[in-house]
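**Student:**
2 protein chains.
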Amino acid sequence: MSGRRRGPSTTRQEILDAAREVFADRGVDGTTREIAQRAGVDPAMIAHYFGSKGGLFEAVTALQVDPADVIAPVLDADAADAARELLLALVRTWDAHAPVLTTLVRSAMRSKTLAGQMRTFILERAVGPVVRRFSPDDRVETRAALLASQITGLMLTRYVLRWEPLASADPAWVADHVGPTVQGYLTGPLPED
Amino acid sequence: MSGRRRGPSTTRQEILDAAREVFADRGVDGTTREIAQRAGVDPAMIAHYFGSKGGLFEAVTALQVDPADVIAPVLDADAADAARELLLALVRTWDAHAPVLTTLVRSAMRSKTLAGQMRTFILERAVGPVVRRFSPDDRVETRAALLASQITGLMLTRYVLRWEPLASADPAWVADHVGPTVQGYLTGPLPED
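So the sequences go chain by chain: A and B. Be aware that the first sequence starts at 1, since it is given in full-length UniProt numbering, and climbs by one per residue. Be aware that the second sequence starts at 1, since it is given in full-length UniProt numbering, and climbs by one per residue.
Right, here's the structure in full:
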């Protein structure tokens, strides 16, 4: 009979697969009950493996991309090329994972907790390391916020609003057109605070 | 007995007031049934006055601000000051109407229809007129998309992600720090497409 029992790693993976589908369809409105149904497991298994819907959502999105891998080549770039390398890395990554990342952004809009997690995530894992690496001064927080304003807006305009010509442009076009802004926020002179 | 009947303009206004509260609480998840209950009217009255929840949502948000009023002083500015005037006008308006505008942005994230309406609204009523007024060439669509990428990201970072120091900065700080980017997208040289 043991052949009919699924092992823990299979159950965990089936929950993750189901959650990815449900979150992609319905964002954070997707319920653990729907996810459990789709995975064919008892809802208690979700609590067992992931603690809560929030924990499950984090696991689903964390699986997609390790920001350290995305950022690594940027940190090795010359300062003068940093913005271009950052934009190429981000846009290529987003393009490859657009549905889940769009869901993540959409969901972050709806929940203060998720918005806070998203801010922390972007800051600590993506924008923060790049700003600390290339900032010519100690105004790291201002540069990070400005960088975030352009990068999140790019994501929003390209993937959620689907605003042309930005929505269909290739990554190099985006790097060419938005690069000077990002480079300015990263290494350029800033006005007095 | 006619004193007990509410006239059409009162009913319409009561529906709008109720809808503003429900949408502020729950975004587009708020149902017409909840809105009708809160307004103390039959749900058929919502269909009668606004056609649908989408129509009601438009009426609620349209009531807040007339973009033509916001944009008017920008269109009168010198080209060299256009970005600064645009940012001051937008940030002051957003600050004064932050809850409803945040709800609008959040909701636009969740629905392709609303995202399309938001894109059309921003383009036709705010970004479009400014770009057409100040663009030194015929690359109006590219300039509008780039402008949208910075402006929507500013809104997102300041009001939804609440990212400091951008979230608490006064409008002049925002105009100082983001102005050069917006000015570049509006009137600066662009790379070849």
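Every residue gets a Cβ at the ideal spot worked out from N, C-alpha and C, and that includes glycine. Please read all numbers here as calculations on a predicted model, not as lab measurements.
Which residues in chain B sit within 8 angstroms of A/T31, going by Cβ to Cβ distance?
**Tutor:** The contacting residues do not exist; A/T31 stays about 14 angstroms from chain B at best.
**Student:** Please go through the same chain and pick out, in chain order, the residues whose beta-carbon is closer than 6 angstroms to the beta-carbon of B/A175, but skip the five residues on each side of it.
**Tutor:** R84, L87 and L88
**Student:** Using only CA atoms, which one of B/P191, B/T10 and B/D170 lies nearest to B/R92?
**Tutor:** B/D170
**Student:** Taking 7 angstroms as the threshold (beta carbon to beta carbon), is A/Q183 in contact with chain B?
**Tutor:** no
**Student:** Which residues of chain A have a Cβ atom closer than 7 angstroms to the Cβ of B/R119, listed in chain order?
**Tutor:** L161 and W163
**Student:** State whether the segment 144-151 of chain A contacts the segment 152-172 of chain B, with contact taken as three or more CB pairs (one from each stretch) at a distance under 8 angstroms.
**Tutor:** Segments in contact, yes.
**Student:** Could you tell me whether the Cβ of A/M1 comes closer than 7 angstroms to any Cβ of chain B?
**Tutor:** Residue placement at A/M1 is flagged as unreliable, the pLDDT there being 39, under the threshold of 50; a coordinate-derived value is accordingly withheld.
**Student:** Taking C-beta pairs closer than 7 angstroms, name the residues in chain A that B/L176 reaches, listed in chain order.
**Tutor:** One detail in the question is off: residue 176 of chain B reads as Asp in this sequence, not Leu. Those are P191, listed as they occur along chain A.
**Student:** Could you tell me if B/A18 is buried or exposed, where buried requires 16 or more neighbouring beta carbons within 10 angstroms of its beta carbon?
**Tutor:** It counts as buried.
**Student:** Applying a beta-carbon distance threshold of less than 8 angstroms, which residues of chain A neighbour B/P180?
**Tutor:** G184
**Student:** In chain A, which residues lie less than 8 angstroms from B/L146 when you measure between Cβ atoms?
**Tutor:** L166, H177 and V178
**Student:** Is A/A115 close to chain B, meaning its C-beta is less than 7 angstroms from at least one C-beta of that chain?
**Tutor:** yes
**Student:** Should the segment 174-190 of chain A be called in touch with the segment 40-52 of chain B, which here means at least 3 C-beta pairs below 8 angstroms?
**Tutor:** no
**Student:** Please name the residue in B/A39, B/A98, B/A36 and B/P73 whose C-alpha comes closest to that of B/V130.
**Tutor:** B/P73
**Student:** Does chain B have any CB closer than 7 angstroms to the CB of A/T157?
**Tutor:** yes
**Student:** Given this structure, state the Cα-to-Cα distance separating B/A80 from B/L90, to the nearest angstrom.
**Tutor:** 17 angstroms
**Student:** By Cβ distance below 7 angstroms, which residues in the same chain neighbour A/V140 in space, the five residues on each side in sequence not counted?
**Tutor:** Answer for A/V140: V131 and R132, listed in chain order.
**Student:** Whose Cβ in chain A lies nearer than 8 angstroms to the Cβ of B/E141?
**Tutor:** E164 and P165
**Student:** State yes or no: is the C-beta of A/P165 within less than 7 angstroms of the C-beta of B/T142?
**Tutor:** yes
**Student:** Quick check: the Cα distance between A/T157 and A/Q37, rounded to an integer number of angstroms?
**Tutor:** 35 angstroms
**Student:** What three-state label does DSSP hand B/D25 in the structure shown?
**Tutor:** It is helical.
**Student:** Which residues of chain B have a Cβ atom closer than 9 angstroms to the Cβ of A/G153, listed in chain order?
**Tutor:** Going along chain B in sequence order, the residues near A/G153 (Cβ under 9 angstroms) are A148, S149, Q150, I151, T152, G153, L154, M155, L156 and T157.
**Student:** So is B/A83 in contact with chain C if we call contact Cβ pairs under 7 angstroms?
**Tutor:** The structure shown has no chain C; the protein chains it does contain are A and B.
**Student:** On the premise that A/T102 lies in contact with A/Y159, defined as a C-beta separation below 8 angstroms, what is that separation, rounded to the nearest angstrom?
**Tutor:** 5 angstroms between Cβ atoms; contact.
**Student:** So what's B/T103 in DSSP terms, helix, strand or just coil?
**Tutor:** helix
**Student:** Is the beta carbon of A/R119 closer than 7 angstroms to that of B/L161?
**Tutor:** yes
**Student:** Around the C-beta of A/A145, are 16 or more other C-beta atoms found within 10 angstroms, so that it is buried, or is it exposed?
**Tutor:** buried
**Student:** Measuring only from the beta carbon, is A/Q13 closer than 6 angstroms to any heavy atom that is part of the ligand FMN?
**Tutor:** This structure lacks the ligand FMN; in fact it carries no ligand of any kind.
**Student:** By the three-class DSSP mapping on this structure, what secondary structure does A/I122 have?
**Tutor:** A/I122: helix per DSSP, three-state reduction.
**Student:** Taking only three categories from DSSP, how would you classify A/W163?
**Tutor:** coil
**Student:** List the endpoints of the continuous alpha helix (DSSP H) containing residue 213 of chain B.
**Tutor:** The requested residue 213 of chain B does not occur in the structure, where chain B is confined to residues 1 to 193.
**Student:** Work out the CA separation of B/D66 and B/H97 for me, nearest whole Å.
**Tutor:** 12 angstroms
**Student:** Would you identify the three-state DSSP class for B/G51, choosing helix, strand or coil?
**Tutor:** In the structure shown, B/G51 falls within a coil segment according to DSSP collapsed to helix, strand and coil.
**Student:** If distances are taken between C-alpha atoms only, which option among B/D76, B/I35, B/K53 and B/W163 comes closest to A/F121?
**Tutor:** B/W163
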